[in-house]
Structure formats: structure tokens, C-alpha cells
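Same order as they appear, the protein sequences are chains A and B. Each residue of the first sequence is one higher than the one before, starting from 4 at the first, in my numbering. Each residue of the second sequence is one higher than the one before, starting from 4 at the first, in my numbering. For every residue, glycine included, the Cβ atom is placed at its ideal position computed from N, Cα and C.
There are 2 protein chains.
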Amino acid sequence: MRPTTSTAASTPPRSEPTLGEPPDFDTWTCPVPLRDHDRIVMGHGGGGRLSAELVEHLFLPAFGIDPAVELHDAATLDLAGGRVAFSTDSYVVRPLFFPGGCIGDLAVHGTINDLAMTGARPLALSTGFILEEGLEMATLGLVAEAMGGAAQAAGVRLATGDTKVVERGLADGLYINTAGVGVVPEGVDIRPRRAAVDDVVILSGAIGMHGVAVLSKREGLEFGTEIRSDSAPLHELVATMVDTCADIHVLRDPTRGGVATALCDIAVAAGVGIAVEEAAIPVPDAVAGACSFLGLDPMHIANEGKLIALVPAAQAGGVLEAMWRHPLGRGAAIVGQVVGDHRGLVVAETPLGAHRVIDVPLGEQLPRIC
Amino acid sequence: MRPTTSTAASTPPRSEPTLGEPPDFDTWTCPVPLRDHDRIVMGHGGGGRLSAELVEHLFLPAFGIDPAVELHDAATLDLAGGRVAFSTDSYVVRPLFFPGGCIGDLAVHGTINDLAMTGARPLALSTGFILEEGLEMATLGLVAEAMGGAAQAAGVRLATGDTKVVERGLADGLYINTAGVGVVPEGVDIRPRRAAVDDVVILSGAIGMHGVAVLSKREGLEFGTEIRSDSAPLHELVATMVDTCADIHVLRDPTRGGVATALCDIAVAAGVGIAVEEAAIPVPDAVAGACSFLGLDPMHIANEGKLIALVPAAQAGGVLEAMWRHPLGRGAAIVGQVVGDHRGLVVAETPLGAHRVIDVPLGEQLPRIC
Chain A
4 MRPTTSTAAS
14 TPPRSEPTLG
24 EPPDFDTWTC
34 PVPLRDHDRI
44 VMGHGGGGRL
54 SAELVEHLFL
64 PAFGIDPAVE
74 LHDAATLDLA
84 GGRVAFSTDS
94 YVVRPLFFPG
104 GCIGDLAVHG
114 TINDLAMTGA
124 RPLALSTGFI
134 LEEGLEMATL
144 GLVAEAMGGA
154 AQAAGVRLAT
164 GDTKVVERGL
174 ADGLYINTAG
184 VGVVPEGVDI
194 RPRRAAVDDV
204 VILSGAIGMH
214 GVAVLSKREG
224 LEFGTEIRSD
234 SAPLHELVAT
244 MVDTCADIHV
254 LRDPTRGGVA
264 TALCDIAVAA
274 GVGIAVEEAA
284 IPVPDAVAGA
294 CSFLGLDPMH
304 IANEGKLIAL
314 VPAAQAGGVL
324 EAMWRHPLGR
334 GAAIVGQVVG
344 DHRGLVVAET
354 PLGAHRVIDV
364 PLGEQLPRIC
Chain B
4 MRPTTSTAAS
14 TPPRSEPTLG
24 EPPDFDTWTC
34 PVPLRDHDRI
44 VMGHGGGGRL
54 SAELVEHLFL
64 PAFGIDPAVE
74 LHDAATLDLA
84 GGRVAFSTDS
94 YVVRPLFFPG
104 GCIGDLAVHG
114 TINDLAMTGA
124 RPLALSTGFI
134 LEEGLEMATL
144 GLVAEAMGGA
154 AQAAGVRLAT
164 GDTKVVERGL
174 ADGLYINTAG
184 VGVVPEGVDI
194 RPRRAAVDDV
204 VILSGAIGMH
214 GVAVLSKREG
224 LEFGTEIRSD
234 SAPLHELVAT
244 MVDTCADIHV
254 LRDPTRGGVA
264 TALCDIAVAA
274 GVGIAVEEAA
284 IPVPDAVAGA
294 CSFLGLDPMH
304 IANEGKLIAL
314 VPAAQAGGVL
324 EAMWRHPLGR
334 GAAIVGQVVG
344 DHRGLVVAET
354 PLGAHRVIDV
364 PLGEQLPRIC
């Protein structure tokens, strides 16, 4: 790939990491003409000149990567050693753009968050695109810029990537896979099986926004107040928490399957019971209204900017205070406790004082949410 | 995810890493009933109970992973420190099964090879699946077993994964993304820009088999002899070469775009000329015949079990001998040299003594080849 200096100079201003709604495709301009293609053709996935041009003129500028960078089959990262976290997620969200974000920043935030749930500091992401023949170049450009902006805002490098193209009618525009690598700080050991009786369950904020935002956009539903996705990178919030209490037992981001699935997974993995106080879980009015209208349980709705932490009771106060000082933890609250009863089960006390078993949904009430 | 011991016991015998042709779907049996689904439904991608069952009862047994393993948002790897290689590739090959392999082992070999091209020892892969609603469970089972078999044969861990499901009509059965992490040995610095004048160009064996095998299966073409994909993991061959000559300058696997694109990329990246002796490049008769029939250039056809090495002239003999001792390097030959002339260009001397410029194809003559 021949480096050019003109490319960087003609890069349009980066979009905000969180895109507004609706995206303005007309303002996106290709840094240099991609052989006059305003749509993806099969050859963009062929590994030849068109593929190279797509990387050089669309992805590198959008990702904010110096076009003189040396491209290779794999990126190399210098690590001081120790434990490395490694995760992957594919993103097939529909629609591609929704209130509060798009598939691009979602794909960056989601994998950063998976890494952060081990306490890791995320270092680098890979970006694997599967593009549909006929996809508008402007759409891809906005998605790529959202990825670049999200990665830069998070201080994470988009280190290596790949692009494939499939025929028209497949892939629904585009799918993205991001895998990520991070470093787990010395002494940090955060994983589901470390949940222990008497641990306090902390939730970082209000739930249900991502799932309801995507659903409402997709189905053309309006619920009065517009609900925006909570998509956000949680690694800095986690770093703050780890600095306060390196002995956090479990972290989990309640994405697909929602808070219910996250808690159930932990209860089963660690063989503990989890008692939840339902009234303590913040559910925005608009989410509650949408769920009531649609017959959904907010506990099953996906989030992408929230986390659940299980911490030793003695340290819960300090962790909470640290979370409140971070913008993404301002709504943090204690919502439950790990108990020796009903091992493997999550039981919620309802606002009326009754108890109900919280279960994992069988499938997904809201498919294609991430 | 509840660990079971019965799962492991009822796992069927693993398929060979390289599947025969045609695959026998009838012999694949699900280790335990996946809720009586013999096809993928949307709920298998929902993050709920069906997703968990797919992981527990299909992927873990197929990958040969102890069902008691602790699953988490990210895997952690212990590294001694140093340089880590990181790569990703999505696989959209059609058909899913072809002579000599399937999308599963291809996805393992391809990312292992990308890592190996930095000289890295591959350690772990992630597996990201995008499944089409309605995909037969037996198909997915065979693909997953081929991945598990290929990873075990290569000594690489399938460390972390993700599954999404999209509606019927999208995704063409399934797509796979694998990202990989490896460790680059001390003192090894292999990358395109290290190509230097007088370096010898070595090709590890005969070209064109993967592309022609996939194409012939897809289009129902017969070329006399059946051509089988050369899909294979190259990291052990690379380790042998590095042991002989730690100062290998460049390695490249000529996948999409073929040997032509790989050499052109190196010539441009390093600003050197590459002179190729066309008669020295081994092209099997069946590949030559197919290319002649179809009007394709064997130099543009994708491979997945071959590599190109650029090594200092003084060490070429030793590297070649080391390659010949490895099963995947038995056909290794010197095919060219780096020159100070025609910088940025690859020029081949034809068998008739004429010279032609070898160029990168514009798009892809054979889409969906990997």
C-alpha cells in the first residue's frame, strides 16, 4: 500500500464518537475518490488494488491512522508481560444507526467492555468487516469514522483488520467483528467464579436504554421521550474501581440477555445465590413504559454502557464512592447481595415484598440488538 | 453455563482436520439434544439459554474444550512479555465444504498463518460466528469439529468466542471470524519493509490449489484430476526456518490476490524491485489447465498453505534445506531475487525469455475464496 501524505490532509473532520440521529450521509466525503465507486463492489473484498484503496483511502483516515504506517498480516504489540485478556464479539445490529450510536462505536465499546470485565486495560482491537455488495461508501465511511473516534476517545489502538465482501442481499449492509487484547494489572483476578457469599452487588446505572433505543428505531416505535443507547466504554470506570479495591470479585456487562442473564450466569458459575432488591434497580420511565407496552422485562433488555460488580461487603462503600466520581458511574447503586441460600438462582424481592425467581430468557426477545 | 461430564463422554470421534469430500452430515450427532433443534433459530444468538446450550453442547465438545472450563467475557493468557502478534480474518468462503477442507479449518489455518508471517508462535484464537437462521445443526457441528481438530493439531487454543444469529436469507449459512494472538521470538523482526536488494525469494511449494479447489466445487467444474485445497497451518514450518536463520527479512502467505499480490505488496512497501523466474514457480498441471480454461493467471489465485520468504542470499541455502525437511516445505524453491532496478515493480522472466510486469488484480477474479 503506497503511503500518501495528501490523504491525511484531506480527511474530513471526525464525527463525534456518539453519532446524532439521523446521520447526515451527505456531509461525508471520501478523502480521495475510491475509483469513483460510491458503493461497495465485490472487488473491494478481493485482496487486490480495490481492497488496498479501501484500506488506504477509507479505513486508515477514518481510524486516524497515519497512512505511512507499515501494514502487515498481523500487528505487533509490545507487552511488559503478565496476563493478557483476549476477547471477541461480532456486531450485526439492525439498524446500523440508532439514537445514541451506530454499529461502529458499538463494536469498539462492546469489545473494550468485554476486556474491561476482567479488569484489563484494553490496548488494541482488530476490525473485521463483512460488507454487502452495494453498500454505500458514505455509510461505511460514517461507520468507520465512528469506530476511529470511539477508539481514539478510549485510548485504544485499531491495530489490525480485514475486509470481505459478499453478494447483494447478504449481510444486511455490514457486519463487524472486533477482537481485543488488553493487559490485566498485577494482583487483579476478576471472574465469575470468585463471587462469594456476602459480596455486595453493585449496578453502575439505569438499565434498558440500549435495547429499547435500537428496538424503537428499528420498529418505528415512539415512547414519548426519545431513548438513547447507553453505549460507552467502561474501562476507565473499571480502572477507577480497581484502584480503590483491587479485590473486586466479579465484573460483568449486562449486554444480550440483560441484567437477568448476567446475574444468573454468575450465580451458576460460582454456585451461589443472588438476592436482588428490584426497587433498587434504576429503570428510566421511558424504558419502563416501552417494556410495559411491549410485554418485555427490563431485566432482560441489553445494555452496552453499564456494569455489574460483585465486591466484598467491607469495600462496597469505597467502590461506590469511586464510581460516583466517574461520569459513567454516577447512577451506581447497591442492588443486591450474594447469599448462601438458593444456590445457582437469582431471586428478586419485588417492590411489593414478594419474591420471584429471575431467569435467563430462552432465546432473545429483541434479536439483532448488538 | 453448567458443566457436565456426560458431554465429554458422548462426544463423537473428532473429524480429521482436513475433511474429505463430500462431508457426511448424517454421521454427525449432537452430543446431547439441543432442545430438539436440528436447525439454528434466532434465539441461539440471543445470549439466553439457547445460546448457552449451543456453547455447552456444540462448541465446547467440538473444540475439545473441557466443559468445566470457566467462561468469561474475555479469556486471559499468560505471556512472558515481549512482542505480541495480533491478527484477524473473516471467512465467507462458498461453498462451506470443498475438496481438502471446509470453512472451519480454513478459519483456523488462515489466522495461524497471518500470525506466523511475523515469525510469531501462535498461542490462541478467538472464534466469532455469524449464523443464518435455519442453518442445520449438523453443518455447524462439522464446521466446529473441523475448527477444534485444526486447532488441536496446530497446538493453538480456541480461547474465546461469540455467536450471533441473523435472519434466514442473510449470511449464506455461516461466516466465521477468527482473531489470533501469538508471541514473536526475541530477535525476530519479519516485515515487508525489511526486503533488501539481493534477498532471495523462496516459495514453499506449488501454487493455485486452494482457489481452484473452491472454484471447481462451487461452479461444478471438473478438470480431470481433482484439485484439493492446500489449506494448512504454516507456523511450524516458519519455526523451523527461523531456527535456521533468525534474520529472515519478509514472510508472506499468498492468499487473496495470490503470489502476484503478495510480491507486489512487498515491492511497494520496501521500495525494491523483485525479479521472478516464472519457470521456477511450481504450478500443478491441473491448476494450469483450469487457469487456461478459465482465462485466469495462476499467480493471482489464492493459496492457504504456502508462503513466500525473502532471506539474505548467504542464508538462502540453509533456509531451503530446513524447509525441505518439513512436510509443508518439501516443494520449496528459489523463484526470484530482490533487485535495485524497477523499484516498486515485480517483473517476471517468462519461460520464453521475455519479461512481463506482474501486477495486482484490480478486484478479485474468484470472490468468496476464503
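Near chain B, meaning a CB-to-CB distance below 8 Å, the residues of the stretch 112-135 of chain A are 116, 117, 118, 120, 121, 123, 127, 129, 130, 131, 132 and 133. Per the Cβ contact rule, the stretch 56-67 of chain B is not in contact with the stretch 187-195 of chain B (fewer than 3 Cβ pairs under 8 Å). In the DSSP annotation of this structure, the continuous segment of the alpha helix (DSSP H) that includes residue 221 of chain B starts and ends at 212-222. Counted as a single uninterrupted DSSP element, the alpha helix (DSSP H) harbouring residue 296 of chain B occupies residues 288-297.
Every unbroken stretch of the beta strand (DSSP E) spanning 3 or more residues and falling wholly within the stretch 241-312 of chain B is given here in chain order: 253-255 and 276-280.
Under the three-state reduction of DSSP output, residue 68 of chain A falls in the coil class, being neither helix nor strand. Taking CB atoms only, residue 307 of chain B has no neighbour in chain A less than 7 Å away. The alpha carbon of residue 170 of chain A has as its nearest neighbour, out of A:208, A:134 and A:73, the alpha carbon of A:134. For residue 151 of chain B, the closest alpha carbon among the candidates B:128, B:213, B:96 and B:331 is that of B:128. Here residue 31 of chain A is buried. Its C-beta has 16 or more other C-beta atoms within 10 Å. By the rule that beta-carbons nearer than 7 Å mark a contact, residue 226 of chain A does not touch chain B. The stretch 85-103 of chain B and the stretch 197-205 of chain B do not touch, with fewer than three beta-carbon pairs separated by less than 8 Å. When only Cα atoms are considered, residue 259 of chain A and residue 58 of chain A end up about 31 Å apart. Listed by position along chain A, the residues whose Cβ is nearer than 7 Å to that of residue 173 of chain B are 173, 174 and 175.
Residues of chain B whose Cβ lies closer than 8 Å to the Cβ of residue 359 of chain A do not exist; the shortest such Cβ separation is about 17 Å. Chain-ordered listing is empty here: chain B has no CB closer than 8 Å to the CB of residue 221 of chain A, the nearest sitting near 12 Å.
In the three-state scheme derived from DSSP, where H, G and I count as helix and E and B as strand, residue 132 of chain B is classed as strand.
Residues of the stretch 49-69 of chain A with a Cβ closer than 8 Å to any Cβ of chain B, in chain order: 49, 50, 51, 52, 53, 54 and 55. Identification of chain B residues near residue 82 of chain A by a Cβ-Cβ cut-off of 8 Å yields 82, 84, 85, 86 and 87, ordered along the chain.
If you ignore the 5 residues before and after residue 141 of chain A, its C-beta comes within less than 6 Å of the C-beta of 28 and 31, all in its own chain and listed in chain order. In this structure, the beta-carbon distance from residue 225 of chain B to residue 102 of chain B does not fall below 7 Å.
For the stretch 192-203 of chain A, the set of residues with a beta-carbon nearer than 8 Å to any beta-carbon of chain B comprises 194, 195 and 196, in chain order. Taking the Cα of residue 45 of chain B as reference, the smallest distance to any Cα among B:130, B:97, B:60 and B:138 is reached at B:138. In this structure, DSSP gives residue 89 of chain A an extended state, which the three-state scheme calls strand. Listed in chain order, the non-local C-beta contacts of residue 119 of chain A below 6 Å within the same chain comprise 237, 238 and 241, local neighbours out to five positions each way being set aside.
For secondary structure counted as the beta strand (DSSP E) over 3 or more consecutive residues, the stretch 138-183 of chain A holds these complete runs in sequence order: 160-169. Residue 163 of chain B sits close to residue 90 of chain A, with the two beta carbons spaced by under 7 Å. Counted as a single uninterrupted DSSP element, the beta strand (DSSP E) harbouring residue 340 of chain A occupies residues 336-342. Within 7 Å of the CB of residue 259 of chain A, the CB atoms of chain B belong to 49 and 50, in sequence order along the chain. Within chain A, the residues whose beta carbon sits less than 9 Å from that of residue 365 of chain B are 38, 46, 49, 51, 52 and 53, listed in sequence order.
The Cβ neighbour count for residue 321 of chain B, taken over all protein chains shown within 10 Å, is under 16; the residue is labelled exposed. The DSSP-derived three-state label of residue 100 of chain A is strand. Secondary structure of residue 197 of chain A (DSSP, three-state): helix. Residue 76 of chain A belongs to the set of residues whose beta carbon lies under 7 Å from a beta carbon in chain B. Here residue 206 of chain A carries a strand assignment [DSSP, helix/strand/coil]. Each residue's CA atom was taken as its position, placing residue 183 of chain A and residue 99 of chain B some 27 Å apart.
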